[in-house]
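A.B. asks: Dropping a structure here in structure tokens format, bear with me for questions.
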Amino acid sequence: MALFRKRERGGEDLVGRLSHIAFIMDGNGRWAKRRGLARSAGHAAGAEACKRVIRRCRELEIHTVTVYAFSTENWSRPREEVEALMGLFDRYLDTLLADLDEYRMRFVFLGDKTPLAPALREKMERLETLSAERHTDYTLNLAINYGGRDELVHAANAAIAAGKTVLTAEDIEKHLYTAASPDPDLLVRTAGEMRLSNFLLWQASYAELWFTDRLWPDMDAADVDEAVRVYLGRTRRFGGLK
Ligand code: FPP
0 MALFRKRERG GEDLVGRLSH IAFIMDGNGR WAKRRGLARS AGHAAGAEAC KRVIRRCREL
60 EIHTVTVYAF STENWSRPRE EVEALMGLFD RYLDTLLADL DEYRMRFVFL GDKTPLAPAL
120 REKMERLETL SAERHTDYTL NLAINYGGRD ELVHAANAAI AAGKTVLTAE DIEKHLYTAA
180 SPDPDLLVRT AGEMRLSNFL LWQASYAELW FTDRLWPDMD AADVDEAVRV YLGRTRRFGG
240 LK
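Its first residue numbered 0, the sequence shown is counted upward by one per residue in numbering that gives the first Met the number 0.
The structure is reproduced here in structure tokens:
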């Protein structure tokens, strides 16, 4: 089945209304626990939800989608869970590579790839290179081993390495992992938690925030529509006056 062949639902009023939506995908563990399943089953269901959400974002012509898949702090989880997540990412990348021309998206990985397994890194780099050659209109940023603080330190050091001694905001922005993306318009966090958890600390300065009680594996097209509707009801002033 084609992933993105046609718009399957209504919601025309929601099409093309925002440029960048970011998701903190929370609640996989609770979703699994409620069903008496292993946490890894929650993450696997979360990966499926991710596909549904990306598909709906595409239908709504949101050109940049960012998902927080693994933070710099997630390494502190039990070894079996980290291994299960890394295995899931590896298999997920296989499906993205296989379906590259269905997704028609550029894939960008946000975060420090250095501590990741060489085989996983190689797939990430291949996906970045191949997708950038073919598809530039829509972008999926996947944050893996990503931390907002780590990103800012990385960006500052990169600017210094490039010869800067006094840094400007532009110097930092140029070296963010998200340098190729606009700032997010809307940041969504699922599962009822209301915090940023080290995600897009610089970029989300003026993002609208929306917190939903839905657990990430339950997210579907209707939830994306609701997020966009909430966003459309907000007034953005960027610190100025309306
Ligand atoms: C947080 O929920 C979720 C994660 C740390 C992992 C997110 C990963 C996925 C959704 C898989 C998607 C994969 C790709 C490659 C996009 P939690 O485990 O902390 O949930 P809990 O708070 O209910 O325990």
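Every residue, glycine too, gets a C-beta built ideally from N, C-alpha and C. Quantities reported herein were computed from a predicted structural model and do not represent experimental measurements.
Among the residues of its own chain, which have a CB less than 6 Å from the CB of R33, if the five just before and after it don't count?
C.D. replies: none
A.B. asks: Return the chain-ordered list of same chain residues with a C-beta closer than 7 Å to the C-beta of G41, the five sequence neighbours on each side being excluded.
C.D. replies: N27, G28, W30, A31, P216
A.B. asks: Should R125 be labelled buried (16 or more other beta-carbon atoms within 10 Å of its own) or exposed?
C.D. replies: Under this definition R125 is an exposed residue.
A.B. asks: Is C56 near the ligand FPP, judged by its Cβ being under 7 Å from some heavy atom?
C.D. replies: no
A.B. asks: Give the range of the beta strand (DSSP E) segment to which R76 is assigned.
C.D. replies: Where R76 is concerned, there is no enclosing beta strand (DSSP E), given that its DSSP letter is neither H nor E.
A.B. asks: Cutting at 6 Å between CB atoms, please list the residues of its own chain near Y176, excluding the five before and the five after it.
C.D. replies: L109, E150
A.B. asks: If you reduce the DSSP assignment to three classes, tell me which class I61 lands in.
C.D. replies: It is coil, neither helix nor strand.
A.B. asks: If you count every other CB in all the chains shown that lies within 10 Å of the CB of K241, and 16 or more means buried, which is it?
C.D. replies: Exposed: under 16 other Cβ atoms inside 10 Å.
A.B. asks: For V152, does the count of other Cβ atoms within 10 angstroms reach 16, so buried, or fall short, so exposed?
C.D. replies: exposed
A.B. asks: Could one say the Cβ of L95 lies closer than 8 Å to chain B's Cβ atoms, at least one of them?
C.D. replies: Given the protein chain composition of this structure (a single chain), no chain B is represented.
A.B. asks: State the DSSP-derived secondary structure class of M0, mapped to helix, strand or coil.
C.D. replies: Confidence in M0 is poor, its pLDDT being 40 and thus under 50, which makes the residue's placement too unreliable to answer from.
A.B. asks: Should V152 be counted as a contact of the ligand FPP given a C-beta to heavy atom distance under 7 Å?
C.D. replies: no
A.B. asks: N27 lies in the alpha helix (DSSP H); which residues open and close that run?
C.D. replies: 27–33
A.B. asks: Relative to the alpha-carbon of E11, which residue among A203, S39, E58 has its alpha-carbon at the smallest distance?
C.D. replies: Checking every option, the nearest Cα to that of E11 belongs to E58.
A.B. asks: For V66, is the beta carbon positioned less than 7 Å from some heavy atom of the ligand FPP?
C.D. replies: yes
A.B. asks: For Y176, is the beta carbon positioned less than 7 Å from some heavy atom of the ligand FPP?
C.D. replies: no
A.B. asks: Under a three-way DSSP split, which group does Y67 fall into?
C.D. replies: strand
A.B. asks: Assuming D184 contacts L13 under a Cβ cut-off of 8 Å, what Cβ separation, rounded to an integer in Å, is found between them?
C.D. replies: D184 to L13, Cβ: 13 Å. No contact.
A.B. asks: Would H62 pass as a contact of D136 if the rule is Cβ separation under 8 Å?
C.D. replies: yes
A.B. asks: Is N156 helix, strand or coil when you go by DSSP?
C.D. replies: helix
A.B. asks: Between E47 and the rest of its own chain, which residues show a CB-CB distance below 8 Å, the 5 nearest in sequence each way excluded?
C.D. replies: P216
A.B. asks: S196 to L186, Cα distance in whole Å?
C.D. replies: 12 Å
A.B. asks: Under the rule that 16 or more other beta-carbon atoms within 10 Å means buried, what is T138, buried or exposed?
C.D. replies: buried
A.B. asks: Given a threshold of 16 other Cβ atoms within 10 Å of its Cβ, counted over all protein chains shown, does P77 qualify as buried or as exposed?
C.D. replies: exposed
A.B. asks: Just checking Y91 against the ligand FPP - is the residue's beta carbon closer than 7 Å to any of the ligand's heavy atoms?
C.D. replies: yes
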